[in-house]
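Q:
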Amino acid sequence: MKNIFLIGMPSSGKTTLGKRLARELHYHFTDTDRVIQREEGLTVAQLFEKFGEDHFRELEARVLRTIKPGANLVVATGGGMPIYHDNMAYIKATGVSVFLDVPPEFIWERMLLHAEQHPNEQAERPLFRANDTELLTNLRLKYQSRLPIYQQADIIISGNATEQDVLNRLGDWL
Ligand code: S3P
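For reference, each letter of the sequence shown is one residue, going 1 to 174 in UniProt numbering.
1) Could you tell me whether the stretch 95-106 touches the stretch 46-54, where touching means 3 or more Cβ pairs closer than 8 Å?
2) If you measure from the CB of VAL44, is any heavy atom of ligand 1 nearer than 7 Å?
3) Taking 7 Å as the line, does the beta carbon of ARG140 fall inside it for any heavy atom of ligand 1?
4) Suppose you measure from the CA of GLY159 to the CA of PRO103; what does that come to, to the nearest Å?
5) Beta carbon of GLY159: closer than 7 Å to some heavy atom of ligand 1?
6) I need the DSSP call for residue 228, collapsed to helix, strand or coil.
7) Going by beta-carbon coordinates alone, are GLY79 and GLY13 separated by less than 8 Å?
8) With DSSP as the reference, label HIS55 as helix, strand or coil.
9) Taking the alpha-carbon positions, what's the ASP33 to ALA130 distance?
10) Does the structure place the stretch 79-95 close enough to the stretch 141-155 that three or more beta carbon pairs sit under 8 Å?
11) Helix or strand or just coil, what does DSSP make of LEU73?
12) Assign GLU60 to one of two classes, buried (16 or more other C-beta atoms within 10 Å of its C-beta) or exposed (fewer than that).
13) Run through DSSP, which three-state label would HIS118 get?
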């Protein structure tokens with residue numbers, strides 16, 4: 001069975017949806033940020049701080065390439081993963097890609113809400129630490145610049161997708 005890669009901006013629902021999809025399809029679930037954190041023994045934020053973004057992108061590319069075709073995996077990728085190291089081409093060669101296309105304004109609202117509810121986790125996403133207004137600008141810029149790559153996905157789902165939406169769209173792909 002083909003792997004399923006969920007791609008898109010942070011807070012677009014990749015992990016939540018990915019876990020549900022995996023359960024429905026009897027696939028395994030993996031989250032590339034989690035794998036990196038476990039292997040390196042540091043959080044993503046610590047990896048950015050200690051070694052810089054380029055190093056993190058190397059780790060991402062390496063973890064991605066441990067995933068082989070037909071591994072029955074639902075993969076939640078880090079938001080920037082498809083953008084670097086020709087990773088999008090690898091993703092497309094290794095499974096079905098699904099872009100969860102959530103507009104930056106929605107993501108912004110989600111992030112603000114999350115920050116309010118979990119004040120201790122605010123430092124989690126190093127690329128998106130900013131005051132409220134800057135955060136929105138930052139999200140819009142990142143979204144716009146990443147869109148041409150995200151849009152190479154086999155399936156694009158706009159707005160808040162449910163696992164049923166994704167399952168319906170996956171149809172013949174699997
Ligand atoms: C990043 C997204 C994060 C994580 C890192 C960089 C990005 O993953 O990989 O902070 O560049 O968009 P999530 O999309 O799972 O938050």
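Think of the CB as a built atom: it goes at the ideal place given N, C-alpha and C, for glycine as much as any other residue. Quantities reported herein were computed from a predicted structural model and do not represent experimental measurements.
A: In short, the structure shows the following:
1) Too few Cβ pairs lie closer than 8 Å, so no.
2) Flag set: Cβ of VAL44 near ligand 1.
3) Residue side-chain check: ARG140 keeps its Cβ at 7 Å or more from all non-hydrogen atoms of ligand 1.
4) A direct Cα-Cα distance of roughly 7 Å separates GLY159 from PRO103.
5) The nearest non-hydrogen atom of ligand 1 is 7 Å or more from the C-beta of GLY159.
6) Given that the chain is displayed from residue 1 to residue 174, the structure contains no residue 228 and the question cannot be resolved.
7) Not in contact: GLY79 and GLY13 (Cβ atoms no closer than 8 Å).
8) DSSP, read as helix, strand or coil, puts HIS55 in helix.
9) Those two C-alpha atoms are separated by around 21 Å.
10) In this structure the stretch 141-155 touches the stretch 79-95; the number of beta carbon pairs closer than 8 Å is three or more.
11) If DSSP states are grouped into helix, strand and coil, LEU73 belongs with the strands.
12) By the neighbour-count rule (16 or more Cβ atoms within 10 Å), GLU60 is buried.
13) Coil, per DSSP.
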